[in-house]
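Okay, so here's the structure we're looking at.
Protein chains in written order, with this note's numbering: chain Y, 235 to 507; chain H, 6 to 251.
Here it is, written out as structure tokens:
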């Protein structure tokens with residue numbers, strides 16, 4: 235698989251697409267999120283896997299997002315996600331609240347190719363009361379148990395960062411197997427990587443458990459340190475100072491715009507639309 | 006020996022852990038005090054298995070972030086910790102926000118795994134350091150996860166207790182109410198009442214929280230801190246006044 239450019243990868247995600255995006259402890263592609271901001275994506279429907287972090291907040295701040303389907307949006311130690319909170323208050327963002335295992339279950343149903351799966355918990359929570367797409371039934375196995383059915387969730391695109399890709403186009407994510415789940419559940423997977431290496435991970439007994447088969451991968455782009463400020467396994471850690479500085483700047487719309495000009499557009503003048 | 010509030014709270018939680026048989030504890034993200042409590046039990050010799058979800062290296066799960074929920078669904082987690090932007094007198098927790106759904110007044114980050122973990126863990130210790138009428142309310146604005154469930158809904162466990170910066174409450178799922186277990190030094194039944202937005206029972210003879218022993222404090226500041234330095238460097242620096250080696 236020949237790597238594509240980050241800009242071409244961002245251009246291949248249409249406005250309005252449903253995009254599965256893992257949170258900060260689960261190797262999100264912040265590089266591709268920034269490229270989506272540069273291409274001025276609009277109307278994206280983001281899926282938290284199972285929660286959402288820094289990449290989601292900057293996409294919301296830049297006006298790229300119409301809807302988030304997630305269990306939480308947080309900057310971790312840096313606190314509440316400021317542009318998420320502001321967009322919710324302004325009424326420019328639809329939030330579909332869930333709970334972590336519900337996100338996993340809906341994606342696993344898509345992974346298995348079944349229309350729905352049951353999940354315990356939920357009943358008595360206002361999350362369920364606000365999800366007309368979820369349904370409570372009595373177990374058909376005669377136990378009388380009430381249980382919730384969740385529909386399969388099929389994102390258009392899974393977006394994540396991986397340590398490396400190989401000559402065959404397999405990608406390696408280590409223990410972050412939720413990236414494999416979204417790759418299986420989504421129509422396409424676009425993956426940024428630190429590097430491309432010779433060989434085939436699937437022929438290496440030690441690497442294959444952390445690999446995702448190229449069958450699921452639609453495109454690869456090289457983006458060194460492409461998860462930053464999020465962590466990448468044992469390659470680099472979460473950049474708390476960077477996210478703290480972002481959280482302070484993004485408290486206001488003007489502060490976010492200034493941050494974005496510096497950190498997303500590298501202070502290059504942006505052509506008027 | 007003098008002690009910090011965080012140390013007292015960790016010891017309170019450790020005593021609640023040891024009060025019931027416990028094999029496997031999962032500790033979530035921003036939870037240094039519950040993590041310290043669980044480590045204290047380990048260092049006191051309890052044969053506990055700890056799954057620390059936000060450990061930077063050696064994360065406990067190899068099957069993706071769903072594995073925690075899958076094994077909790079099976080009943081393999083005996084104890085979990087939850088907090089809440091609001092907690093009410095029936096042990097309902099609100100991690101959504103205040104004002105109209107979904108938190109149009111003040112939005113909290115969201116419910117995380119609470120709407121599953123609260124039902125499916127063997128038991129839950131609720132922990133919130135801030136103890137004020139703003140947090141401990143008569144009725145939460147929104148229920149992320151309910152304190153009790155109606156018949157016909159599978160539920161393995163409930164809140165065991167609520168630990169705050171002012172007191173420890175026990176929770177009684179049969180009557181859906183808290184009772185005051187002890188108040189920390191400097192508080193009284195009256196001061197707890199004044200700072201609590203919900204009604205609770207006061208059993209006869211309720212008294213002050215037993216302070217941490219010298220042995221407990223020595224373990225916290227030594228062996229427990231050693232385990233926590235990597236994941237919670239700021240907490241260890243602030244509470245135990247120790248920094249990780251550069």
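Just so it is clear, CB atoms sit at the ideal spot from N, CA and C, and this is done for glycine as well.
Contacts with chain H at 9 Å (Cβ-Cβ) include residue 413(Y). Taking every protein chain shown into account, the CB of residue 446(Y) has 16 or more other CB atoms within 10 angstroms, so this residue is buried. Contact with chain H is found for residue 338(Y), since one of that chain's Cβ atoms lies less than 9 Å from the residue's Cβ. The Cβ neighbour count for residue 70(H), taken over all protein chains shown within 10 Å, is at least 16; the residue is labelled buried. Taken in chain order, the members of the stretch 295-321 of chain Y whose beta-carbon sits within less than 8 Å of a beta-carbon on chain H are 304, 305, 306, 307, 308, 310, 311, 314, 315, 318, 319.
Cβ contact annotation for residue 228(H) (same chain, cutoff 7 Å, sequence separation greater than five): 48, in chain order.
Annotation for residue 126(H): 31, 77, 82, 83, 84, 85, 161, 162 place their beta carbon closer than 8 Å to its own, counting only its chain and skipping 5 residues before and after. With respect to residue 397(Y), residue 424(Y) sits apart: the two C-beta atoms are not nearer than 9 Å. Within the stretch 370-387 of chain Y, the residues whose Cβ lies closer than 7 Å to any Cβ of chain H are, in chain order, 378, 379, 380. Judged by their CB atoms, residue 457(Y) and residue 260(Y) are not nearer to each other than the 9 Å cut-off.
Apart from the 5 residues on each side of it in sequence, residue 432(Y) sits with its Cβ closer than 6 Å to the Cβ of 401 in its chain, given in chain order. With a cut-off of 8 Å on Cβ pairs, the stretch 179-196 of chain H is in contact with the stretch 163-171 of chain H, counting three or more such pairs. With 16 or more other Cβ atoms inside 10 Å of its own Cβ, residue 108(H) counts as buried. Counting other Cβ atoms within 10 Å of its Cβ, residue 345(Y) reaches 16 or more and is therefore classed as buried.
Taking the Cβ atoms as the reference, residue 142(H) lies roughly 4 Å from residue 202(H), within the contact range of under 8 Å. Assigned with DSSP and collapsed to three states, residue 239(H) falls in helix.
Sequence-distant Cβ neighbours of residue 103(H) in its own chain, meaning closer than 6 Å and more than five residues away, are 110, 111, 146. Taken atom to atom, the span from the alpha-carbon of residue 243(Y) to that of residue 298(Y) is near 16 Å.
Distance from the CA of residue 54(H) to the CA of residue 40(H), rounded to the nearest whole angstrom, comes to 12 Å. Setting aside the 5 residues that flank it on each side, residue 37(H) is surrounded in the same chain by 237, 240, each with a C-beta closer than 6 Å to its C-beta; the list follows chain order. Taking CB atoms only, residue 452(Y) has no neighbour in chain H less than 9 Å away.
About 6 Å separates the CB atoms of residue 183(H) and residue 94(H); that is less than 8 Å, so the two are in contact. One alpha carbon belongs to residue 343(Y), the other to residue 352(Y), and they sit about 9 Å apart. Between the alpha carbons of residue 395(Y) and residue 427(Y) lies a distance of about 6 Å. 78: these are the residues of the stretch 78-94 of chain H whose beta carbon lies less than 7 Å from some beta carbon of chain Y, given in chain order. Just so you know, the alpha carbons of residue 42(H) and residue 175(H) end up roughly 17 Å apart. When C-beta distances to chain Y are compared with 8 Å, the residues of the stretch 46-60 of chain H below that value are 59, in chain order. Our two residues, residue 378(Y) and residue 128(H), have alpha carbons roughly 24 Å apart in a direct line. Using a Cβ distance threshold of 9 Å, residue 10(H) and residue 134(H) count as a contacting pair. Annotation note: the stretch 333-376 of chain Y contains the following uninterrupted alpha helix (DSSP H) runs of length 4 or greater, listed N- to C-terminal: 334-346, 360-363. Residue 315(Y) sits close to residue 291(Y), with the two beta carbons spaced by under 9 Å.
Residue-level contact check: residue 11(H) does not touch chain Y, since none of the beta carbons of chain Y fall below 9 Å from its beta carbon. In this structure, the beta-carbon distance from residue 257(Y) to residue 287(Y) falls below 9 Å. By the criterion of a C-beta distance shorter than 7 Å, residue 66(H) is surrounded in its chain by 72, 73, once the five residues flanking it on both sides are discounted.
Under DSSP, the beta-bridge partners assigned to residue 164(H) are 129(H). Taken in chain order, the members of the stretch 342-364 of chain Y whose beta-carbon sits within less than 9 Å of a beta-carbon on chain H are 342, 353, 354, 355, 356, 357, 358, 359, 360, 361, 362, 363, 364.
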